[in-house]
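Last residue of the sequence shown: number 343 in our numbering, and the count goes up by one each step with no gaps. Note that CB positions come from ideal geometry on N, CA and C, so glycine has one too. Structure, as C-alpha cells:
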Amino acid sequence: MRDINSLNRVILVGRLGQKPEMFRMPQQDRWKASFTLATNERLFNPNTRESSDRTEWHNIVVFGKLAEFCEKYLAQGRQVLIEGKLRTRSWQDKDTGNKRYKTEVEALSIILLGKRDESAASSDTRDLTQDYGRGANRGGAATEEEPAPFDDAGGGSGGGGDDDIPF
C-alpha cells in the first residue's frame, strides 16, 4: 500500500458563471482559460423545517489543449464535472503595496454533463482527461460530435468574475 503524506485533489460538479476567458501565454506558447464555477449546497434548518441553497463560487484555470476545448465547448450555465488541484498565487498590490493571494482550481480533467441545451433529464456526458504519465496526445483535435482526450501539463495563474448565478 502506498503511503500518502499529502494530497492535493479537487472534484467539483457545478455550472459555469460565464464563458471562459482566453489568454495567450506567449512565453510558453500555449493558451490559458479562466472562468468561475458555481456549486450549490442544500442546507436544512431543523428548527424551522425550511431548506435553503448556499452557492459557492470557485475560480477555475485551464491550460493548453484543454483550455482550447473549453473555449469551443463551454458556455455560461453549462454543467460540468471538474477534477483538478488547488493552486494559490500571490502578488504585490500596486495601489496599496499589500501582498494579495488568490486560490484557484487548476483543472486537469473536465466532463461535460447534460446536453448542449442543458435539459435536466440528460444522460449525454463527455470526458476530457489529461494523462500526464504518457506524454503523448491520445486523441488529436476534438470534434463537435465526439471530443477526444488531450494531454498537457499546466500551471500558472488566472482570474474570474462573479456573474449572476446561471440557474
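- Is it true that the CB of residue 214 sits closer than 9 Å to the CB of residue 183? No. Outside cutoff.
- Message: Can you tell me whether residue 262 is buried or exposed? The criterion is at least 16 other CB atoms within 10 Å of its CB, across all chains shown.
- Response: Classification of residue 262: exposed, given that the 10 Å Cβ count is below 16.
- Note down the Cα distance separating residue 217 from residue 291, rounded to an integer number of angstroms. Counting only the Cα atoms, residue 291 lies some 23 Å from residue 217.
- Task: Mind reading off the beta-carbon distance from residue 257 to residue 195? Whole number of angstroms is fine, and I expect it under 8 Å.
- Result: A Cβ-Cβ separation of about 18 Å leaves residue 257 out of contact with residue 195 under the 8 Å criterion.
- Query: Sorted by chain position, which residues of the same chain lie with C-beta nearer than 6 Å to residue 283's C-beta, five sequence neighbours on each side aside?
  - Reply: In the same chain as residue 283, and ignoring 5 residues on each side of it, the C-beta atoms closer than 6 Å to its own belong to 236, 238, 258, 260, in chain order.
- Message: Suppose you measure from the CA of residue 254 to the CA of residue 212; what does that come to, to the nearest Å?
- Response: Using only the alpha carbons, I get a separation of about 11 Å.
- Item | Exposure label - residue 245; buried when at least 16 CB within 10 Å | Buried is the call here.
- Secondary structure of residue 195, DSSP reduced to three states: Correct three-state label for residue 195: coil.
- Considering only residues of the stretch 205 to 287, which uninterrupted beta strand (DSSP E) runs meet the minimum length of 3 residues and lie entirely inside it, listed in chain order? Runs of the beta strand (DSSP E) inside the stretch 205 to 287: 206 to 221, 226 to 239, 255 to 268.
- Item | Among 232, 185, 240, 190, the one whose alpha carbon lies nearest that of residue 207 | Ranking the options by Cα distance to residue 207, first place goes to 240.
- Query: In this structure, does DSSP put residue 289 in helix, strand or coil?
  - Reply: Secondary structure of residue 289 (DSSP, three-state): strand.
- Would the beta-carbon of residue 210 fall within 9 Å of that of residue 197? Yes, they are a contact pair.
- Item | Own chain, CB closer than 8 Å to residue 219, minus 5 neighbours either side, in chain order | Within the same chain, residue 219 has close Cβ partners 227, 228, 229, 230.
- Query: Any idea which residues DSSP pairs residue 200 with across the strands?
  - Reply: According to DSSP, which records beta bridges pairwise, residue 200 is partnered with 207.
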